[in-house]
Structure formats: C-alpha cells, structure tokens
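Working notes, structure below.
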C-alpha cells in the first residue's frame, strides 16, 4: 500500500521500444548523431502505440531522411538503460537490416530534422564513433554474418 495521493513508483517507470536499422553499403555503416552529443546510434526511432516495429522504422527513415526504405531481416534485440540528465531511461532496441535505395555512402546524407545529423562510418573504424548501446559494437558483425538472423514475429499488420 502507498499513502493516499502517492503512486507505486514501479508503475511510473516505462520502457521505450525503438526500431533501428543497419544500413550497410560498400563497407560503410549509416549512423545518426544528436547534435551536441558525443555518441552515435543506428537510424530509426520510437515505435508508437499500435504500430509494428517494421512500420515504425520505415516511418522514421521517411521522416528523418525523406527517403523510402525497405526493412529486411530481424537481426536482434538490445536492452539498454542510461541516464539522460533528468533520470534513468530504459529501452529495448529492435534491430533490422535496412535498405535505403536512394542513398550512397560516397555522398553526405541530409537530415530533415534540425537536431540530428547522419554520417557514413567505415565499419573498420566503428569503434571510434561511440555507438550506443555499447554492446552493439560487438554484436553487429555477429548478427550481420548470421544467415537468417534471429527469430521475430508480430501480430500487428499495417
């Protein structure tokens, strides 16, 4: 029991669900970066209530890059918790192979959002770019080389 007017602190906590894409072309990986921060992350974003992870990833790429994309196989899931200056954040990243046909790793990628920017990073130098969540630095190669990826299913249809 909690005193009148106080909520169970556990009930206030939420876990964010994000869909992220691995866009790998000619030895370069597309990464996203929030301006003013030192870390990078895979393109994608939050899965909205009632939306599939695949749909969320396609929507986020369209919103942030203005480009159509195609989600390929599911690679894996990554749990992550961190402090954001206001408290602790917990998230689950659902990670997929991602094709964005109209972009080229030899040309800069323009963001449609003012607060983020995109960059092509040589896979061999990935360790220099502070990719978060940190375990992705070890898992990406293993996931990309595995045929068929990890199992994934959804009851949500577009």
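Residue numbers (this note's numbering): -2 to 155.
For each residue, glycine too, the CB sits at the ideal point set by N, CA and C.
query: Exposed unless 16 or more other CB atoms sit within 10 angstroms - verdict on residue 79; result: exposed
query: CB-CB length for residue 108 against residue 61, believed under 8 Å; result: 6 Å
query: Counterpart residues of residue 29 in DSSP-defined beta bridges; result: 38, 115
query: Check whether residue 95 and residue 66 have beta carbons under 7 Å apart; result: yes
query: Buried or exposed (CB count within 10 angstroms, at least 16 for buried), residue 72; result: buried
query: Beta-bridge partners of residue 76, as assigned by DSSP; result: 89
query: Cα-Cα separation, residue 102 to residue 54; result: 20 Å
query: Cross-strand partners of residue 94 (DSSP beta bridge); result: 19
query: Cβ neighbours of residue 20 in the same chain (closer than 6 Å, five flanking residues each side left out); result: 27, 95, 97
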